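Letter by letter, the sequence shown follows residues 0 to 279 in numbering that gives the first Met the number 0.
Built from N, CA and C at the ideal position, the CB exists for glycine as well.
The structure displayed is predicted, hence computed values, not measured ones.
Comments concern the structure below.
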Amino acid sequence: MNIFNTKKSKEEWQRKIEESYQRGRNDAEDEFLSKKSKIEIDEKDLKKMTEKELLVEIIKSLNIQNKRTDNLNSKISFVMDYKMIFKEMNKITNEIYDKEKILCENILESQAQISEFKCDVANIKTHVQEINGLLSIINSAKSELSNISLEIENIVPKLKKGCNSLENIAENMNDTILKYKDSPVELINRIDKKIGIEDKDIEFKSIISSLEDIENKICDIETKLNSESDDSMSSKISDMEYKVNTALDQYGFGSLYSKINELDMKLDSIESKINNNDLY
Numbered sequence: 000m001n002i003f004n005t006k007k008s009k010e011e012w013q014r015k016i017e018e019s020y021q022r023g024r025n026d027a028e029d030e031f032l033s034k035k036s037k038i039e040i041d042e043k044d045l046k047k048m049t050e051k052e053l054l055v056e057i058i059k060s061l062n063i064q065n066k067r068t069d070n071l072n073s074k075i076s077f078v079m080d081y082k083m084i085f086k087e088m089n090k091i092t093n094e095i096y097d098k099e100k101i102l103c104e105n106i107l108e109s110q111a112q113i114s115e116f117k118c119d120v121a122n123i124k125t126h127v128q129e130i131n132g133l134l135s136i137i138n139s140a141k142s143e144l145s146n147i148s149l150e151i152e153n154i155v156p157k158l159k160k161g162c163n164s165l166e167n168i169a170e171n172m173n174d175t176i177l178k179y180k181d182s183p184v185e186l187i188n189r190i191d192k193k194i195g196i197e198d199k200d201i202e203f204k205s206i207i208s209s210l211e212d213i214e215n216k217i218c219d220i221e222t223k224l225n226s227e228s229d230d231s232m233s234s235k236i237s238d239m240e241y242k243v244n245t246a247l248d249q250y251g252f253g254s255l256y257s258k259i260n261e262l263d264m265k266l267d268s269i270e271s272k273i274n275n276n277d278l279y
């Protein structure tokens, strides 16, 4: 890991190291030369010194060497401290690099999360718009249902009145037929033979024989109207409309009333013939 910020700072550091090395080398050479010359000068008097004087000179020389050794130790300690500092700086630099790497990874992850969050926000906005559209449709449907409910409430009295009319017609027809001893089918067969009803009047027979079915359907409608008061209005009206429409589709609204009128006229004729004993 490079601890220098610029190339210039690195060159400056190298220059100082080189100068320090050169100074140390020059100092060592000077010291060596000075010691050598002193030894040569003192060498003549060395033999003249007593043991005590020689010992004193040795001690002086050792003290000088100790001082130089102390200086050297301090320099070595400084260099060792510098190496330790350099190593610690490298360690700190590596830690900073690792933290920067982790920070970059966290930034990339945060950017991905932000992008995902933006997508979620866009989806939520879309869902909100869809929900608003559905609410608008629901409100419109509620308004239409309210209008339909009002229309149904207005139709109910008319349907009840129509059912009562159909029921009265069926009861009158049934009472008229029950005046005779024979069943409606036997009576119709005799009418065919006696007064000659043609094949085209088969529908007339079907209407007479189906009066009980009409009456039952009308009774079912009335029963449901009376007994199912707890049901929803729309359900009752729908069921009633279905049964009424089924009856009208089966027999035809105009055809039903025209055949009933025909039946009244023919029954009057039959009653007249019976009274005159012309039927048997």
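Just mark ARG22 as buried or exposed, buried being the case when its beta carbon has 16 or more other beta carbons within 10 Å. Residue mapping note: residue 22 aligns to position 23 of the sequence shown, counting from 1. So ARG22 ends up on the exposed side.
Alpha carbon of ILE40 to alpha carbon of ARG14, nearest angstrom: Counting from 1 along the sequence shown, the entry for residue 40 is found at position 41. Counting from 1 along the sequence shown, the entry for residue 14 is found at position 15. For ILE40, the pLDDT reaches just 48, beneath the cut-off of 50, and the residue's location in the model is therefore unreliable, although a value from the coordinates is still provided. In a straight line, the C-alpha of ILE40 is about 39 Å away from that of ARG14.
When the Cα atoms are used, what is the spatial distance from GLU108 to LEU102? Against the sequence shown, residue 108 aligns to sequence position 109. Against the sequence shown, residue 102 aligns to sequence position 103. Spanning the two alpha carbons is a distance of roughly 10 Å.
Determine the direct distance from the alpha carbon of ILE91 to that of SER19, and round the result to whole angstroms. For the purposes of this step, residue 19 is identified with residue 20 of the sequence shown, where counting begins at 1. For the purposes of this step, residue 91 is identified with residue 92 of the sequence shown, where counting begins at 1. Approximately 27 Å, taken between the alpha carbons.
Give every residue of the same chain whose Cβ lies closer than 6 Å to the Cβ of ALA121, excluding the five residues on either side of it in the sequence, and list them in chain order. Within the sequence shown, numbered from 1, the residue matching residue 121 stands at position 122. The beta carbon of ALA121 sits closer than 6 Å to no other beta carbon from its chain once the five residues preceding and following it are set aside.
Helix or strand or just coil, what does DSSP make of THR5? Stepping through the sequence shown from its first residue, residue 5 is reached at position 6. DSSP places THR5 in coil when its eight states are reduced to three.
GLN112 to GLU11 span [Cα, whole Å]: Counting from 1 along the sequence shown, the entry for residue 112 is found at position 113. Counting from 1 along the sequence shown, the entry for residue 11 is found at position 12. The alpha-carbon atoms of GLN112 and GLU11 are separated by roughly 47 Å.
Note down the Cα distance separating PRO156 from GLU129, rounded to an integer number of angstroms. On the sequence shown, residue 156 is found 157 positions in, with the first residue counted as 1. On the sequence shown, residue 129 is found 130 positions in, with the first residue counted as 1. Annotation: PRO156 to GLU129 spans about 41 Å, alpha carbon to alpha carbon.
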